[in-house]
Ligand code: S3P
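Residue numbers (the numbering used here): 56 to 488.
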């Protein structure tokens, strides 16, 4: 992926597209697959920088993984107790999901390990996992609750009994994965329900895990029996093209085989309320996840106010929703989004700066943003090395009156390596410089 993108408008489109495999599910399939017993084949996994880092780390922990040419891989897994002390520090790159989920596993091992990441990851908060893991007996050293994180042998391994107050699937999954290594019953309660891919995958593997409303109950120290997994396509990647079709007059798109997990699709409910014509077709279930083809047609959008629990179900889609709001008629106010300040960049700040640069009237507080819909003019926008910010501004370029240059776009490869090719499929004039 190149350093900068220039978007010089687009033609209307009517196409079928396929976006890459789901990032959240790929990380989980790799980690849970590595802890299972037997041969675990994962097909349609996401070959992005974040997931490639997960594969390298697992290999450094002694897991045998064979990569095949057809976008599948095979893990020859040797069970819960099979991980080995790594010979070097583990590199999580840009990925919060990787570092937080894997910390659950590393913190319960008998060996010492260190995990770190790039400058952005080294500035992200880890107290949210360090505190509950420490209650389970983990011994973790950090630099003021930020990476690098160093794990030593736990003093003991106690069951997890935690109520998670922030809406975070990463924290929840970290604690579920840690609980796998502890004999007895762990209980994890979520105040706000978040994406449940970890729970679904363990259930798919016939693991003893029960979900009762907001409570997750599981028994640790049990075998996980390997099964083949087919990863569905990523809703978060699809979201850019859903909004593209809504914004570009006369356009239509069909996005195939997308994971429509109920805790991921808040964006659809909101866009429909804004007037968006969106339909799920061919709804089905595979490997315990719901999948659909998403059909979208150009629509005139109107402003919206959002706050509260729905935010966690569109947390990664907020940057592209801000673009939709910038093109809708009226003033949108989106509140309760403070978590956006702790993502790959401070996404409230990155989006506010970029939108203002493009001529949109925006105002933010610590935990909200208000956007007045208007005309997107051209300009130069900094993505702050944030993949979702970069891709959101690329989509704004399809309806801009003048070209838009987006700076620092390399990290698009962390989640959507063929993003530029997919832009070209929807008739966008794009230059990589
Ligand atoms: C993810 C959870 C979310 C999301 C991230 C992926 C996951 O993070 O923003 O991109 O796969 O569990 P939080 O748990 O910090 O909300």
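No residue lacks a Cβ here, since even glycine has one placed at the ideal position from N, Cα and C.
Note that the structure is predicted; figures quoted are calculated from it, not measured.
Would you kindly check if the distance between the Cβ of residue j and the Cβ of residue i is under 8 Å?
{"i": "residue 387", "j": "residue 380", "result": "yes"}
{"i": "residue 113", "j": "residue 122", "result": "no"}
{"i": "residue 400", "j": "residue 440", "result": "yes"}
{"i": "residue 253", "j": "residue 318", "result": "no"}
{"i": "residue 101", "j": "residue 129", "result": "no"}
{"i": "residue 282", "j": "residue 272", "result": "no"}
{"i": "residue 5", "j": "residue 215", "result": "Absent from the structure is residue 5, since the part of the chain shown begins at 56 and ends at 488."}
{"i": "residue 73", "j": "residue 311", "result": "yes"}
{"i": "residue 98", "j": "residue 127", "result": "yes"}
{"i": "residue 288", "j": "residue 458", "result": "no"}
{"i": "residue 456", "j": "residue 433", "result": "yes"}
{"i": "residue 104", "j": "residue 148", "result": "yes"}
{"i": "residue 296", "j": "residue 280", "result": "no"}
{"i": "residue 378", "j": "residue 425", "result": "no"}
{"i": "residue 488", "j": "residue 454", "result": "no"}
{"i": "residue 89", "j": "residue 70", "result": "no"}
{"i": "residue 485", "j": "residue 62", "result": "yes"}
At the level of alpha carbons, what is the spacing between residue i and residue j?
{"i": "residue 174", "j": "residue 134", "result": "33 Å"}
{"i": "residue 172", "j": "residue 142", "result": "17 Å"}
{"i": "residue 325", "j": "residue 466", "result": "27 Å"}
{"i": "residue 392", "j": "residue 93", "result": "42 Å"}
{"i": "residue 277", "j": "residue 374", "result": "40 Å"}
{"i": "residue 79", "j": "residue 152", "result": "7 Å"}
{"i": "residue 161", "j": "residue 303", "result": "47 Å"}
{"i": "residue 167", "j": "residue 421", "result": "38 Å"}
{"i": "residue 316", "j": "residue 345", "result": "6 Å"}
{"i": "residue 464", "j": "residue 406", "result": "14 Å"}
{"i": "residue 157", "j": "residue 221", "result": "19 Å"}
{"i": "residue 371", "j": "residue 209", "result": "33 Å"}
{"i": "residue 442", "j": "residue 144", "result": "25 Å"}
{"i": "residue 256", "j": "residue 234", "result": "15 Å"}
{"i": "residue 177", "j": "residue 201", "result": "6 Å"}
{"i": "residue 223", "j": "residue 270", "result": "14 Å"}
{"i": "residue 217", "j": "residue 193", "result": "14 Å"}
{"i": "residue 165", "j": "residue 228", "result": "21 Å"}
{"i": "residue 96", "j": "residue 203", "result": "31 Å"}
{"i": "residue 139", "j": "residue 226", "result": "24 Å"}
{"i": "residue 396", "j": "residue 275", "result": "34 Å"}
{"i": "residue 366", "j": "residue 480", "result": "31 Å"}
{"i": "residue 460", "j": "residue 364", "result": "35 Å"}
{"i": "residue 402", "j": "residue 339", "result": "33 Å"}
{"i": "residue 106", "j": "residue 404", "result": "27 Å"}
{"i": "residue 189", "j": "residue 170", "result": "17 Å"}
{"i": "residue 462", "j": "residue 412", "result": "13 Å"}
{"i": "residue 361", "j": "residue 286", "result": "31 Å"}
Tell me the DSSP bridge mates of residue i?
{"i": "residue 183", "result": "The partner list for residue 183 (beta bridge, DSSP) is empty, contrary to what the question assumes."}
{"i": "residue 309", "result": "71, 350"}
{"i": "residue 132", "result": "93"}
{"i": "residue 334", "result": "350"}
{"i": "residue 314", "result": "346"}
{"i": "residue 357", "result": "384"}
{"i": "residue 196", "result": "205"}
{"i": "residue 60", "result": "461, 487"}
{"i": "residue 145", "result": "170"}
{"i": "residue 437", "result": "462"}
{"i": "residue 285", "result": "98"}
Would DSSP call residue i helix, strand or coil?
{"i": "residue 84", "result": "helix"}
{"i": "residue 258", "result": "helix"}
{"i": "residue 202", "result": "strand"}
{"i": "residue 280", "result": "strand"}
{"i": "residue 422", "result": "coil"}
{"i": "residue 270", "result": "strand"}
{"i": "residue 265", "result": "strand"}
{"i": "residue 486", "result": "strand"}
{"i": "residue 235", "result": "coil"}
{"i": "residue 121", "result": "strand"}
{"i": "residue 340", "result": "strand"}
{"i": "residue 477", "result": "helix"}
{"i": "residue 138", "result": "coil"}
{"i": "residue 243", "result": "strand"}
{"i": "residue 159", "result": "helix"}
{"i": "residue 108", "result": "helix"}
{"i": "residue 429", "result": "coil"}
Measure how close the beta-carbons of residue i and residue j come, nearest whole angstrom, since I'm counting them as under 8 Å.
{"i": "residue 450", "j": "residue 298", "result": "6 Å"}
{"i": "residue 359", "j": "residue 84", "result": "Not quite, the Cβ-Cβ distance comes to about 34 Å (not below 8 Å), so this is no contact."}
{"i": "residue 313", "j": "residue 293", "result": "5 Å"}
{"i": "residue 452", "j": "residue 383", "result": "Actually they do not touch by this definition, with Cβ atoms about 17 Å apart."}
{"i": "residue 368", "j": "residue 320", "result": "7 Å"}
{"i": "residue 353", "j": "residue 385", "result": "Rounded, the Cβ-Cβ distance is 19 Å, inconsistent with contact."}
{"i": "residue 343", "j": "residue 258", "result": "6 Å"}
{"i": "residue 244", "j": "residue 219", "result": "7 Å"}
Beta-carbon of residue i versus every beta-carbon of chain C: anything under 8 Å?
{"i": "residue 467", "result": "Among the protein chains of the structure shown there is no chain C, as only one such chain exists."}
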